[in-house]
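This note's numbering applies: residue 48 is where the sequence shown begins, and numbers increase by one. Here's the structure, in structure tokens; my notes come after.
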Amino acid sequence: MPEHTPTDLAYFAGLLDGEGCLSLNRSVPSACLPDRIAGMTLRITMSNTFRGPLDEGCKLFGGTVRLTRKGHCKHKKYSRDPNALSQWADLYTWTITTKKAMYFLLAVFPYLRIKKKQADAILMFCQTTAWSWRDGRTKQLTKEGKYLRRLAFRAFRHEIETTGAGRKLSWTI
């Protein structure tokens with residue numbers, strides 16, 4: 048990965064604070080995906096109508112940039128009015144997951160302001176999970192580790208629910 052200057056890190060921390068979303072997504076095996084491994088995925092997304100900063104972030108930190116909405120809306124309220132449709136701008140979303148997301152979060156953490164508590168709770172949670180971020184192997188958690196993981200996740204959920212940021216998490220660990 049390319050070297051990051053403090054200016055780059057501060058810029059992307061501001062972008063995350065203003066346009067970003069931090070989430071812990073739970074994956075479980077299902078009927079259509081029986082081979083899926085149950086676990087948690089750290090996901091960071093940022094959306095913008097200008098693709099430039101998202102492409103730059105993708106070059107520096109990895110992830111993918113995709114077109115999420117192409118200048119129109121399928122909502123009934125707007126679909127009847129052709130003038131309303133032409134006013135919508137294209138929306139691009141940059142998504143980083145797992146190790147790259149962890150690396151990004153650790154890099155921009157000192158510069159965060161608005162999402163600092165959420166990031167802190169996520170980092171605490173990730174440090175207590177059974178997944179080793181460095182070597183990619185799973186390890187057995189002790190009772191204390193499981194307790195700390197539960198506390199960290201509750202702190203993250205509480206921060207999201209009190210600030211109203213992101214969607215409400217309806218499940219617990």
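Ideal Cβ positions, reconstructed from N, Cα and C, are used throughout, including at glycine.
{"Asked": "Leu159 in three-state terms, based on DSSP", "Found": "coil"}
{"Asked": "Thr111 (DSSP reduced to helix, strand or coil)", "Found": "strand"}
{"Asked": "Same chain, Cβ closer than 7 Å to Thr145, neighbours up to 5 away in sequence not counted", "Found": "Thr88, Leu89"}
{"Asked": "Whole-Å CB distance - Leu63 paired with Leu195, under 8 Å assumed", "Found": "Incorrect: roughly 25 Å between the Cβ atoms, too far for contact."}
{"Asked": "Thr227 and Gly61 closer than 8 Å at C-beta", "Found": "In the structure as shown, the chain begins at 48 and stops at 220. Residue 227 is therefore absent and cannot be evaluated."}
{"Asked": "With 16 other Cβ atoms within 10 Å as the buried cut-off, status of Gln165", "Found": "buried"}
{"Asked": "Supposed close pair Lys147, Gly109 - CB separation, criterion 8 Å", "Found": "4 Å"}
{"Asked": "Which of helix, strand or coil DSSP assigns to Arg204", "Found": "helix"}
{"Asked": "Delimiting residues of the alpha helix (DSSP H) encompassing Thr54", "Found": "53-66"}
{"Asked": "Cutoff 7 Å; reference Asn95; Cβ partners in own chain excluding five residues on either side", "Found": "Glu66, Leu101, Tyr139"}
{"Asked": "Residue(s) in a DSSP beta bridge with Arg90", "Found": "Ser70, Thr144"}
{"Asked": "Integer Cβ distance of Leu56 from Ala154, believed to fall under 8 Å", "Found": "6 Å"}
{"Asked": "Residue nearest to Phe97 in terms of C-alpha spacing, selected from Phe156, Trp141, Leu198, Ile161", "Found": "Trp141"}
{"Asked": "Three-state class that DSSP yields for Arg98 in the structure shown", "Found": "coil"}
{"Asked": "Thr115 versus Tyr58: straight-line alpha-carbon distance, rounded", "Found": "23 Å"}
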